[in-house]
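Chemist:
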Amino acid sequence: MSVVEIRNIMGKITRCSECSAEEVDKWMTCDSLERGFQILSDDEIQSTKELISDLKEDDDDDISIEL
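Residue numbers for the sequence shown follow the working numbering, so the first one is 1 and each next one is one higher.
1) If you reduce the DSSP assignment to three classes, tell me which class SER47 lands in.
2) DSSP three-state call for SER53: helix, strand or coil?
3) Quick one: what's got a C-beta closer than 6 Å to CYS19's C-beta in the same chain, skipping five residues either side?
4) What is the DSSP secondary structure of MET1, counted as helix, strand or coil?
5) Comparing alpha-carbon positions, which option in ASP43, ILE39, THR14 and ARG15 lies nearest MET1?
6) Any beta-carbon of chain C closer than 9 Å to the one on ILE6?
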């Protein structure tokens, strides 16, 4: 989704109608640098999801239940 598309959508929201494309671009750039809010491609999302799944499986293997 482009900055212009986001700006057009925001223009339809009452409290966001005054936001400029430059502001949206600034927010997107800022968020892309923040570790918790990275902009990822579909492949990157899938790789991250697989890595998290593998890590969870490893943690489950390390847990032993004593009865």
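Built from N, CA and C at the ideal position, the CB exists for glycine as well.
Modeler: Reading from the atomic positions:
1) Your numbering for residue 47 matches position 47 in the sequence shown. Reduced to three states, the DSSP call for SER47 is helix.
2) By 1-based counting over the sequence shown, the position of residue 53 is 53. DSSP places SER53 in helix when its eight states are reduced to three.
3) If you number the sequence shown from 1, residue 19 lands on position 19. Taken in chain order, the residues that qualify are MET10.
4) The residue labelled residue 1 in the question sits at position 1 within the sequence shown. Of the three classes helix, strand and coil, the one that applies to MET1 here is coil, per DSSP.
5) Residue mapping note: residue 1 aligns to position 1 of the sequence shown, counting from 1. It is ILE39.
6) In summary, chain C is missing from the structure at hand, where a single protein chain is found.
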